[in-house]
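A.B. asks: Dropping the structure in here first, questions after.
Residue numbers (UniProt numbering): 1 to 316.
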């Protein structure tokens, strides 16, 4: 039986669940990265210590991504358990494995980022050969396998369990799709700042490089992810979108010339194009709602989503 203090604490966490989630995410991220970096030599005193994630080399550079992703999942599960108990965890599980959403949503989730990036790369390659896609080679099998397992499977699973399964779901009760996407995207970008600070920026000043890399693509892409989740209520779709935009650069952006300036420009162009897609989606939604026969008010991207709504056909 809960004491009065325990009930008060649970009520406080429930009222401020999203805030508690983000505080816990960043606290766990710092702690887990410190442990990971101590183990890999980042904070050692030797003369040959790595100074960036890439300097770890081989599979280790991909394993370095896991602590932050684990922090997101751990924070989400902890806050849900404290605030909503077993019921909240069961609801998260139901959203996590909701796969009956229609084949077109799988296409949207898996192909949006790769098709867009490929088109922009070939367009930019007209100005410089540095932008030509270069497919990853099989020279380092261990690194390739680790990239697929960690970046393609584990990172999207752990992160979207928190970003979408918890934060997006809760924020949509109070905010529209765009506002929710901006809130989650901003904190998603901040979460990536340490990773970009640990990579090389070429000839671009870090003060300019890090913000562009952390926010130019992630903000608008998160809005699109929220839009897809709003129509499917499937965390799996968010995981697939995350997978697509994370794995594509590993597979196709391997040119030694695609560092510094070219990478910086590519991110700006992709980000601007994604914002155009966001604007088009908002405009299309408003046109749909203006039709007299349209009865899908819960698809309004500018309004909060009610707690109780009719689920899209084919979900459960």
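Note that beta-carbon positions come from the ideal geometry of N, C-alpha and C, so glycine has one too.
Keeping to the same chain, check which residues put their C-beta closer than 8 Å to that of residue 88; ignore five residues upstream and five downstream.
C.D. replies: 80 and 81
A.B. asks: Given that a residue counts as buried once 16 or more other Cβ atoms are within 10 Å of its Cβ, and exposed if not, what is residue 13?
C.D. replies: buried
A.B. asks: So, with DSSP's three-state summary, where would you put residue 317?
C.D. replies: This structure leaves residue 317 out entirely; the chain is present only between 1 and 316.
A.B. asks: Output yes or no for whether 9 Å exceeds the beta carbon distance between residue 181 and residue 75.
C.D. replies: no
A.B. asks: Can you tell me which of the three DSSP states residue 331 falls into?
C.D. replies: Residue 331 cannot be examined here, being either before or after the span of the chain that is shown, 1 to 316.
A.B. asks: Report yes or no: do the region 238-256 and the region 172-180 share at least 3 C-beta pairs separated by less than 8 Å?
C.D. replies: no
A.B. asks: Buried or exposed, going by whether 16 or more other CB atoms sit within 10 Å of the CB of residue 31?
C.D. replies: exposed
A.B. asks: In angstroms, rounded to a whole number, what distance separates the CA positions of residue 257 and residue 249?
C.D. replies: 14 Å
A.B. asks: Roughly how many angstroms lie between the CA atoms of residue 209 and residue 65, to the nearest whole one?
C.D. replies: Approximately 19 Å, taken between the alpha carbons.
A.B. asks: Rounded to a whole number of angstroms, what is the C-alpha to C-alpha distance between residue 195 and residue 98?
C.D. replies: 31 Å
A.B. asks: When you compare each of 158, 91 and 267 to residue 121 by their alpha carbons, which one comes out closest?
C.D. replies: Closest option to residue 121, Cα to Cα, is 267.
A.B. asks: In the DSSP assignment, the alpha helix (DSSP H) including residue 100 goes from what residue to what residue?
C.D. replies: Careful: residue 100 lies outside any alpha helix (DSSP H) and carries neither H nor E.
A.B. asks: To the nearest angstrom, report how far apart residue 15 and residue 254 are at their CA atoms.
C.D. replies: Going from the Cα of residue 15 to the Cα of residue 254 covers about 46 Å.
A.B. asks: Identify the continuous alpha helix (DSSP H) that holds residue 12 and give its terminal residues.
C.D. replies: 4-15
A.B. asks: Can you give the Cα-Cα distance for residue 214 and residue 170, rounded to whole angstroms?
C.D. replies: CA-to-CA, the gap between residue 214 and residue 170 works out to about 23 Å.
A.B. asks: Excluding sequence positions up to five away, which residues of its chain have a Cβ less than 7 Å from the Cβ of residue 118?
C.D. replies: Apart from the 5 residues on each side of it in sequence, residue 118 sits with its Cβ closer than 7 Å to the Cβ of 133 in its chain, given in chain order.
A.B. asks: Please classify residue 198: is it buried, with 16 or more other beta-carbons within 10 angstroms of its beta-carbon, or exposed?
C.D. replies: buried
A.B. asks: Report yes if the CB atom of residue 155 is closer than 9 Å to the CB atom of residue 224, and no otherwise.
C.D. replies: no
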